[in-house]
Each structure stands twice: as structure tokens, then as C-alpha cells.
Amino acid sequence: MPVMSYIQAVNTALKEEMQRDEKVFILGEDVGRKGGVFKATEGLFEEFGDQRVMDTPLAESAIAGVGIGAAMYGMRPVAEMQFADFIMPAVNQIISEAAKIRYRSNNDWDCPITIRAPYGGGVHGALYHSQSVEAIFANQPGLKIVMPSTPYDVKGLLKAAIRDNDPVLFFEHKRAYRLLKGEVPDEDYVLPIGKADVKREGTDITVITYGLCVHFALQAAEKLAEEGIDVHILDLRTVYPLDKEAIIEAAKKTGKVLLVTEDTKEGSVLSEVAAIISEHCLFDLDAPIQRLAGPDIPAMPFAPTMEKFFMVNPDKVEKAMRELAEF
Amino acid sequence: MAIEKITMPQLGESVTEGTINTWLVKPGDHVNKYDPIAEVMTDKVNAEVPSSFTGTITELIADEGDTLAVGDLMCNIKVEENEAKETNPVKPAQNDATQAPPKEQADTSMKNRYSPAVLRLAQENDIDLNDVTGTGKGGRITRKDIEKILQEGKQTKAKTEAAPVKQKDVATAQQEKPSESAVKTLTGDIEIPVTGVRKAIAQNMVRSKSEIPHAWMTVEADVTDLVAYRDKLKNDFKQKEGFNLTYFAFFVKAVAQALKKYPQLNSMWAGDKIIQKKEINISIAVANENELFVPVIKHADDKSIKGIAKEIHALADKARNGKLTADDMQGGTFTVNNTGSFGSIHSMGVINSPQAAILQVESIVKRPMIINNMFAARDMVNLSLSLDHRILDGLICGRFLQYVKELLETTNESSTNIY
Chain A
11 MPVMSYIQAV NTALKEEMQR DEKVFILGED VGRKGGVFKA TEGLFEEFGD QRVMDTPLAE
71 SAIAGVGIGA AMYGMRPVAE MQFADFIMPA VNQIISEAAK IRYRSNNDWD CPITIRAPYG
131 GGVHGALYHS QSVEAIFANQ PGLKIVMPST PYDVKGLLKA AIRDNDPVLF FEHKRAYRLL
191 KGEVPDEDYV LPIGKADVKR EGTDITVITY GLCVHFALQA AEKLAEEGID VHILDLRTVY
251 PLDKEAIIEA AKKTGKVLLV TEDTKEGSVL SEVAAIISEH CLFDLDAPIQ RLAGPDIPAM
311 PFAPTMEKFF MVNPDKVEKA MRELAEF
Chain H
41 MAIEKITMPQ LGESVTEGTI NTWLVKPGDH VNKYDPIAEV MTDKVNAEVP SSFTGTITEL
101 IADEGDTLAV GDLMCNIKVE ENEAKETNPV KPAQNDATQA PPKEQADTSM KNRYSPAVLR
161 LAQENDIDLN DVTGTGKGGR ITRKDIEKIL QEGKQTKAKT EAAPVKQKDV ATAQQEKPSE
221 SAVKTLTGDI EIPVTGVRKA IAQNMVRSKS EIPHAWMTVE ADVTDLVAYR DKLKNDFKQK
281 EGFNLTYFAF FVKAVAQALK KYPQLNSMWA GDKIIQKKEI NISIAVANEN ELFVPVIKHA
341 DDKSIKGIAK EIHALADKAR NGKLTADDMQ GGTFTVNNTG SFGSIHSMGV INSPQAAILQ
401 VESIVKRPMI INNMFAARDM VNLSLSLDHR ILDGLICGRF LQYVKELLET TNESSTNIY
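These protein sequence lines are chains A and H, in that order.
Heads up: the first sequence is residues 11 to 337, going by my numbering.
Heads up: the second sequence is residues 41 to 459, going by my numbering.
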């Protein structure tokens with residue numbers, strides 16, 4: 011099985027889907043001849059031409075709006091936001107139109123668009139290149155939000171997103187692009203959207219997280235295993251709608267739950283996870299539900315020391331895990 | 041060899057200094073790690089200061105009576121080179137096993153903080169959390185601690201069937217504990233240990249009152265004729281039979297007859313079912329100075345008033361002399377309690393579990409009553425019934441009491457034969 015990076019898995023999934031279905035096309039800033047600022051669409055312009063890999067003006071509302079219109083007419087657009095931070099001008103299109111059209115038209119119309127966006131910090135990107143924006147969309151029924159943590163999941167879930175008949179936001183952690191490598195099968199496969207995945211079995215504490223933080227948790231868990239602390243890790247993979255069943259099962263398994271996100275703490279996706287656990291698992295809980303998250307500060311600071319302070323990292327996860335295990 | 045310093049430890053939150061009461065060691069003494077070296081008094085606690093090292097005391101820096109701030113030097117100790125630098129926990133652990141570490145060091149502040157999971161598991165499996173040692177922070181009992189006990193328990197449970205019974209005792213004992221500890225003994229108070237019959241009474245009453253939903257009902261019976269009849273007979277009877285013809289025998293007889301007619305009251309609560317007993321065995325309460333027994337008049341419905349009187353006499357005699365056997369106390373299906381003998385005119389009995397009801401026969405009192413619009417001096421008695429409302433309702437009990445009343449009010453020379 012070939013080993014590829016996170017971003018190679020993105021590129022492979024896009025290429026295979028474009029080969030499979032000619033209705034699939036890409037639009038975004040610098041996605042064409044340049045192949046994207048992160049090289050996610052590298053080689054696609056050359057292979058599929060300017061009609062299927064379209065460079066757009068610097069207008070996110072238009073990227074989303076054009077994509078939504080094309081999707082409603084039967085195409086399967088993959089729109090790229092250069093950074094998730096820049097999705098804000100497109101929020102009205104995404105929430106008011108894409109998320110609602112199936113419901114509003116009584117099933118006459120649908121909107122099978124995929125919107126990809128790199129998110130997350132730890133790359134000295136400062137304010138406009140580091141944010142996590144999933145919480146903004148995570149209470150909009152009609153939308154799906156996928157945030158994979160491994161190259162294998164990227165390929166299977168991006169294909170599933172493109173084939174899904176409803177709008178899917180696909181957030182890729184930009185630091186994971188070249189940091190994470192993993193085995194990815196050559197063959198065509200899809201992974202179910204809406205299903206969480208156990209990344210590590212354990213009996214002492216349960217960690218529920220997603221995205222790059224899954225790796226921080228896995229690294230910390232390896233260290234704690236040497237001390238005899240056995241960590242169970244659930245990767246949400248889809249943060250909206252949440253896989254309630256898997257969350258409840260994982261929480262009940264150990265009764266001690268740590269939730270980890272890079273997003274700011276209050277009102278994050280994990281706040282909802284905590285609510286689900288407290289609704290369903292009270293009599294299995296052995297400790298207060300713990301959250302490790304970014305501080306409630308307007309944006310990722312630029313100064314390296316301050317960025318480190320803001321970001322979740324393996325040391326912080328390890329400390330939180332140990333405290334919970336010892337409780 | 042190295043000289044190490046032992047300093048005044050922090051003997052509690054917000055404690056900043058301590059006064060050395062007594063030195064327990066002198067220069068040249070060999071001490072083991074954790075051995076007490078001095079008694080120290082603070083404004084919060086009096087405590088022994090344990091040695092932080094194993095070695096020989098070389099010099100006492102502070103004198104008895106000195107007050108030292110936390111961290112101030114108390115004494116010097118000569119330690120083996122490797123001991124002094126030792127940070128690995130293996131050796132102290134060995135020490136722990138042979139000599140218990142000082143109590144101040146074990147933090148048990150979280151011992152009684154139970155998580156929902158721990159409480160649920162303990163309740164579902166009848167585990168007394170007081171007996172569990174917690175491995176969590178501050179001695180907290182974790183879900184894993186309970187799960188471990190359950191796993192170990194499962195292996196042994198299969199072998200010993202007696203285990204569940206024991207656990208139940210523990211459960212009731214636990215219920216009583218909080219009230220015990222909440223009461224303080226002051227000087228001059230007498231502590232009476234709760235043992236034997238007293239303990240059994242306590243446990244039965246707690247179970248009865250906490251399990252059974254009690255309801256109460258009292259009727260008043262005119263026993264003027266009964267009193268006259270009994271008064272007429274009693275001297276002769278005593279001479280002939282050698283024991284007293286008590287009122288109580290008449291009451292027990294009437295109750296036995298009424299139970300025959302209303303067998304619902306002659307029932308037992310058995311969890312998922314109610315068992316209506318065929319035999320009518322009447323428990324009677326007999327007390328001596330300190331204890332209460334409930335021996336049983338078996339097949340009371342088969343016996344004459346004389347027979348019942350004889351049996352009451354025999355059982356009371358045995359109770360007073362401590363000669364009641366287990367057999368005398370078994371098989372009761374209904375209790376009649378002679379509260380009238382203490383002069384009581386109204387009371388609410390606690391049901392003798394698992395029976396369905398208890399009847400208190402109160403004192404017979406002469407009272408002015410109105411009969412045919414005229415005052416009359418009548419012998420009146422209150423009959424107070426406590427019923428298990430799971431088994432019985434007011435209607436059936438009312439009828440039962442009416443019938444007992446009717447039987448008693450029609451007891452007289454012409455209608456009733458005591459033999």
C-alpha cells in the first residue's frame with residue numbers, strides 16, 4: 011500500500027473523482043495553473059483543463075455562490091476556500107442557500123457541493139491564516155462538516171463528500187498537509203460521513219477529538235502507556251451532525267472523558283459533545299467532563315510564544331490526560 | 041555519609057509555624073525513614089514529625105518549646121550516601137509495608153466524594169463504600185476500583201452462596217451508622233453497646249418502618265359484658281386452673297375468629313406476591329425490663345379462651361425467665377399487642393414484618409357513654425390496627441375491626457364459654 015501525505019490524499023481523491031464523474035469540477039483562487047497555494051490541486055489543471063479547474067476572482071461569496079448554483083443544476087462542484095478564515099463572505103451563501111435549499115423546495119432541488127478549506131494554526135499564520143471555523147456552521151441542519159485526521163480518512167471521506175447529494179464542508183488541517191503521512195489504498199473506497207472512528211482502544215480514560223488533535227492525543231497516549239495509563243481515543247471525523255452513538259459508547263467505556271479541540275473553548279463543537287454525554291451518560295461518569303481547547307481569545311496570536319500558548323500540543327494533551335487518569 | 045537537614049514540615053493548610061513539644065530522639069539515635077522524631081504543636085493540630093531519612097541524628101538544632109516557621113531547621117541527620125540521594129520510590133515502599141506511614145501524609149480528602157458511576161455500581165451490587173479503598177486523587181474511589189471488586193467478587197460468588205446474605209447485613213448496618221456517629225457522648229453520659237436482642241430489635245424495626253407503608257385505624261368497643269363475665273369467673277378460674285384468666289385471652293380469641301372470616305389480614309408480603317396463610321398463629325408481644333419478644337400462640341383458632349390463656353401464661357413465664365426457644369417465636373401470622381397493660385389508650389404499632397398487620401389492644405377504661413339517650417357507665421376499649429398498605433386497604437380492615445368489635449361486645453355469660 012502506498013504511503014502518502016495528507017495533501018497527496020486530497021489531491022488523489024480529487025483526481026480520481028474527476029476521472030470517475032465528469033460533472034465534478036473545481037473552482038477557487040489559484041487552483042488552476044498554480045495548483046493551489048498548498049498544491050492541493052497540483053496537476054489537475056493540466057489533466058482536466060480550464061473548464062473543470064477554474065481560477066476565480068478573490069471573492070469567496072462568488073466561489074460559494076457559483077458553486078451552489080452549479081450544484082443545483084446537477085453539477086458536482088468542489089469549491090476551495092484558500093483559507094478557512096476567508097469563508098466569512100460566503101457564509102450567507104452557505105447557510106442561507108446551500109444548507110436550506112432541499113428543505114425550502116420540498117425536495118425539488120438539492121445542492122451537492124463540496125467546499126474545501128484549510129483550517130488550523132501552529133504554522134505562524136497569525137490571525138487570518140490560523141482559525142478554526144467549524145463551530146460557526148455546526149448548528150445548521152442541512153450542512154455536513156467533515157474534518158479528517160489521517161490520509162486514509164481524507165481520501166475516503168473526500169470522495170464521500172463529493173458523492174454526497176447535500177452540501178459538505180470539508181476542513182483540512184493545513185499543518186497536517188505535509189506533517190502527516192500514512193498508508194492509503196490505491197483502490198477506490200469511500201468512508202461513511204457521520205461516523206466516528208476509534209483510533210485507539212483503552213480502558214482508563216476516553217479522549218474525544220478530531221483533526222490534527224487526534225495525533226496529539228495518539229502521541230500523548232503512547233507516552234502514558236509507558237506509565238500504565240490506557241487511553242481510548244475516538245476521532246469524530248464528522249463534527250456535524252455528530253455520531254451520538256459512538257460518543258455515548260466511548261464515554262461510557264471509561265467514565266472519564268477528555269475533549270480536545272484546537273478551536274476556542276466556549277461554544278465549540280465539543281461543547282455539544284459534552285452536552286450529549288451529560289444527557290446520556292450521567293450514571294456512567296466517574297469524573298467531570300474535561301475540555302482542553304484554545305483560550306477564548308479573538309484570534310491566534312502571531313508571536314511564537316503566544317502562538318504556543320494558544321495552540322493545543324502533545325504536552326498539553328498529555329498533562330490533561332494524566333490529571334484525568336489520576337482523578 | 042552525608043549530613044541532611046530535617047526542617048519543620050507544613051502540618052496543614054495555612055499552618056505557618058509549629059512549636060516543638062517534645063523531642064522523641066536525641067543525638068546519636070538511629071532512626072528509620074518515617075519514624076517519629078518530635079511532637080509538634082501548631083494552632084491547628086498536634087502531630088508527630090516523621091523523619092525524612094534513615095540515619096543517625098547528629099544534632100538537635102531547636103529546643104523543646106521553640107517555635108519554628110515552616111521550613112526552619114529542626115535537626116541534622118547523618119545519612120548513608122546512597123540513601124541521601126535516593127529518589128527512587130522502591131525502598132520507601134518496602135518501609136511502608138512494615139511500618140504504616142504517618143496518617144497525616146495520606147490525603148483522603150476525596151474519600152467520600154462519589155461519582156455517579158461509583159454510586160450506581162455500589163448500589164446495584166450492594167457494596168459498602170466505607171470498606172473500599174480508593175486509588176484516585178485524594179483517596180477517591182474510582183469506577184475502576186469498583187469494577188475490580190466486582191470482577192473479584194464474581195469469581196468468589198459462585199463458590200459461596202452465603203455471600204449475599206452477609207452483604208445485606210452490611211447494608212443495614214450502614215444505614216444505622218450515620219445516626220450513631222452524629223451523636224456525641226458527653227461526660228457523665230452512659231454508653232450502652234447495641235448488641236444481641238436490642239440490635240435485632242433495632243434492625244427489624246428499621247426494616248419494618250422503612251419497607252412497609254404503614255396505615256392506621258382505631259375502633260372503640262364496649263366490653264362491659266365481657267368485663268362482668270370475666271370478673272365473675274376469675275377467682276374460681278385461678279383456683280381451679282392455677283393461672284389468671286386475663287382479658288387478653290378474650291381479645292386473642294376474638295382476633296383469631298375474625299382472621300378466620302377475613303383471611304386477607306392473615307397474609308405475608310413476599311415481594312412479587314402476597315401469601316395468604318392458612319394457619320392462624322398469633323404473635324404476642326412480651327417484654328421484660330430491657331427486651332421485647334414476640335412468642336407465638338400457634339393455631340389460635342383451634343383453641344378455647346382457656347387454652348389461649350394458658351398458653352399466654354406459659355409464654356410470658358418463659359420470656360421472663362429467658363427460656364423462650366426459637367421454636368416458640370416462629371411462624372406468627374398476625375400480632376396482637378397488649379398495650380393496655382401499660383395503661384395506654386392509643387398507640388400506633390410497628391408491623392412485625394413480614395406480617396400484614398398488628399393490633400394494639402388498649403387499656404379498658406370506664407367511661408360515660410350514651411345509650412338510648414341516657415348516660416351509662418361502660419367499660420370501653422380502643423383497638424388500634426396498623427396495616428401494611430401494600431397488602432391491605434381500609435375497607436377490608438374496617439370490616440375486620442367491626443367484626444372483632446362485634447365479637448367482643450357480644451361476649452357475655454350466656455353466649456360465651458371459656459372452655
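Glycine is no exception: its CB is placed at the ideal position from the N, C-alpha and C atoms.
Values in this document were obtained by computation on a predicted structure and should not be read as measured data.
Within the 9 Å Cβ cut-off, does residue i reach chain D?
| i | result |
| --- | --- |
| ALA157 of chain H | Absent from the structure: chain D. Protein chains present are A and H. |
Using only the alpha-carbon positions, how far apart do residue i and residue j sit?
| i | j | result |
| --- | --- | --- |
| SER288 of chain A | LEU268 of chain A | 13 Å |
| THR22 of chain A | VAL224 of chain A | 22 Å |
| ALA140 of chain H | GLY179 of chain H | At ALA140 of chain H, the pLDDT of 46 sits below 50, so the modelled position is not reliable and the matter cannot be decided from this model. |
| MET369 of chain H | ALA359 of chain H | 10 Å |
| LYS300 of chain H | LEU432 of chain H | 16 Å |
| THR451 of chain H | LEU273 of chain H | 13 Å |
| SER455 of chain H | VAL326 of chain H | 30 Å |
| ILE252 of chain H | LYS188 of chain H | 35 Å |
| ALA109 of chain H | ASP69 of chain H | 25 Å |
| THR365 of chain H | LYS239 of chain H | 18 Å |
| ASN284 of chain H | ASP276 of chain H | 10 Å |
| TYR443 of chain H | THR379 of chain H | 20 Å |
| ASP118 of chain A | ASP40 of chain A | 34 Å |
| THR175 of chain H | ALA136 of chain A | 44 Å |
| MET150 of chain H | TRP63 of chain H | 33 Å |
| ASP185 of chain H | ALA157 of chain H | 11 Å |
| ILE324 of chain H | ASN152 of chain H | 44 Å |
| THR138 of chain H | ASP112 of chain H | Confidence in THR138 of chain H is poor, its pLDDT being 44 and thus under 50, which makes the residue's placement unreliable; the coordinate value appears in the next sentence. One C-alpha to the other measures close to 30 Å. |
| GLY58 of chain H | MET81 of chain H | 6 Å |
| VAL390 of chain H | VAL376 of chain H | 11 Å |
| PHE58 of chain A | LEU37 of chain A | 12 Å |
| THR248 of chain A | GLY166 of chain A | 12 Å |
| GLY282 of chain H | LYS346 of chain H | 12 Å |
| PRO151 of chain A | LEU334 of chain A | 34 Å |
| VAL47 of chain A | MET91 of chain A | 11 Å |
| PHE55 of chain A | ARG43 of chain A | 6 Å |
| LEU201 of chain A | VAL156 of chain A | 11 Å |
Tell me, to the nearest whole angstrom, how far the beta carbon of residue i is from that of residue j; I am working on the premise that it is less than 8 Å.
| i | j | result |
| --- | --- | --- |
| ALA81 of chain A | PRO122 of chain A | 5 Å |
| VAL34 of chain A | VAL88 of chain A | 7 Å |
| ILE77 of chain H | GLU104 of chain H | Not confirmed; about 13 Å, so no contact. |
| ALA261 of chain H | GLU449 of chain H | 6 Å |
| THR373 of chain H | GLU319 of chain H | 6 Å |
| VAL283 of chain A | ILE243 of chain A | No, VAL283 of chain A and ILE243 of chain A are not in contact; Cβ-Cβ is about 14 Å, not under 8 Å. |
| PHE293 of chain A | PRO305 of chain A | Their Cβ separation, rounded to whole angstroms, is 32 Å, which puts PHE293 of chain A and PRO305 of chain A out of contact at 8 Å. |
| VAL133 of chain A | ARG185 of chain A | 5 Å |
Excluding the 5 residues flanking residue i on each side, which residues of the same chain have their C-beta closer than 8 Å to its C-beta?
| i | result |
| --- | --- |
| ASN116 of chain H | ILE43, GLU44, LYS45, ILE46, ILE97, THR98, GLU99 and ILE101 |
| ILE385 of chain H | GLU402, SER403, VAL405 and ASN422 |
| ASP174 of chain A | PRO122, THR124, LYS154 and ILE203 |
| SER393 of chain H | ASN244, ARG247, SER248, GLU251, ILE252 and TRP309 |
Tell me which same chain residues have a C-beta within less than 6 Å of the C-beta of residue i, skipping the five on either side of it?
| i | result |
| --- | --- |
| LYS318 of chain A | none |
| ASN72 of chain H | THR94 |
| GLN304 of chain H | ILE436 |
| ASP106 of chain H | ILE60 |
Relative to the ligand FMN, is the shortest distance from any of its heavy atoms to the C-beta of residue i smaller than 8 Å?
| i | result |
| --- | --- |
| ALA186 of chain A | Inclusion of the ligand FMN in the displayed structure is not the case, the ligand content being empty and no account of it being possible. |
Apart from the five residues on each side of it in sequence, which residues of its chain come closer than 7 Å, Cβ to Cβ, to residue i?
| i | result |
| --- | --- |
| ALA94 of chain A | ALA127, PRO128, TYR129, GLN141, VAL143 and PHE181 |
| VAL20 of chain A | ALA50, VAL164, LEU168 and GLU182 |
| GLU27 of chain A | VAL34, LYS169 and ILE172 |
| GLN50 of chain H | VAL110 |
| PHE96 of chain A | GLU70 |
| SER307 of chain H | ILE314, ILE315, GLN316, LYS317, ALA396 and ILE431 |
Next on the checklist: I'd like the ranges of any beta strand (DSSP E) spanning at least 3 consecutive residues and lying wholly in the stretch 334–368 of chain H.
Outcome noted: Listed in chain order, there is nothing to give.
Checklist entry - Three or more beta-carbon pairs under 8 Å between the stretch 270–288 of chain A and the stretch 97–111 of chain A, yes or no? => result Of all C-beta pairs linking the stretch 270–288 of chain A to the stretch 97–111 of chain A, fewer than three are shorter than 8 Å, placing the two stretches out of contact.
Checklist entry - What are the uninterrupted segments assigned as beta strand (DSSP E) that are 3 or more residues long and contained completely in the stretch 86–169 of chain A, given in chain order? => result Qualifying beta strand (DSSP E) stretches, in chain order: 86–90, 124–129 and 154–156.
Checklist entry - What are the complete beta strand (DSSP E) segments, minimum 3 residues, inside the stretch 410–438 of chain H? => result Whole beta strand (DSSP E) segments, 3+ residues: 414–428.
Checklist entry - Which full runs of the beta strand (DSSP E) of 3+ residues lie inside the stretch 56–89 of chain A, going along the chain? => result Fully enclosed beta strand (DSSP E) runs of 3 or longer: 63–65.
Checklist entry - Touching or not, the stretch 187–195 of chain A and the stretch 226–246 of chain A, by the rule of three or more beta carbon pairs under 8 Å? => result Remark: fewer than three beta-carbon pairs, one from each stretch, lie closer than 8 Å, so the stretch 187–195 of chain A and the stretch 226–246 of chain A are not flagged as touching.
Checklist entry - Which residue spans inside the stretch 281–333 of chain H form an unbroken beta strand (DSSP E) run of at least 3? => result Annotation note: the stretch 281–333 of chain H contains the following uninterrupted beta strand (DSSP E) runs of length 3 or greater, listed N- to C-terminal: 307–309, 314–316 and 322–324.
Checklist entry - Should the stretch 59–68 of chain A be called in touch with the stretch 111–120 of chain A, which here means at least 3 C-beta pairs below 8 Å? => result No, the stretch 59–68 of chain A is not in contact with the stretch 111–120 of chain A.
Next on the checklist: Taking contact to mean 3 or more Cβ pairs, one atom from each stretch, closer than 8 Å, check whether the stretch 410–425 of chain H and the stretch 223–236 of chain H are in contact.
Outcome noted: Using a Cβ-Cβ distance cut-off of 8 Å, the stretch 410–425 of chain H and the stretch 223–236 of chain H are not in contact, since fewer than three pairs of beta carbons, one from each stretch, lie closer than that value.
Checklist entry - Curious, which full-length beta strand (DSSP E) runs of at least 3 residues does the stretch 182–249 of chain A contain? => result Every unbroken stretch of the beta strand (DSSP E) spanning 3 or more residues and falling wholly within the stretch 182–249 of chain A is given here in chain order: 191–193, 207–210, 215–219 and 241–245.
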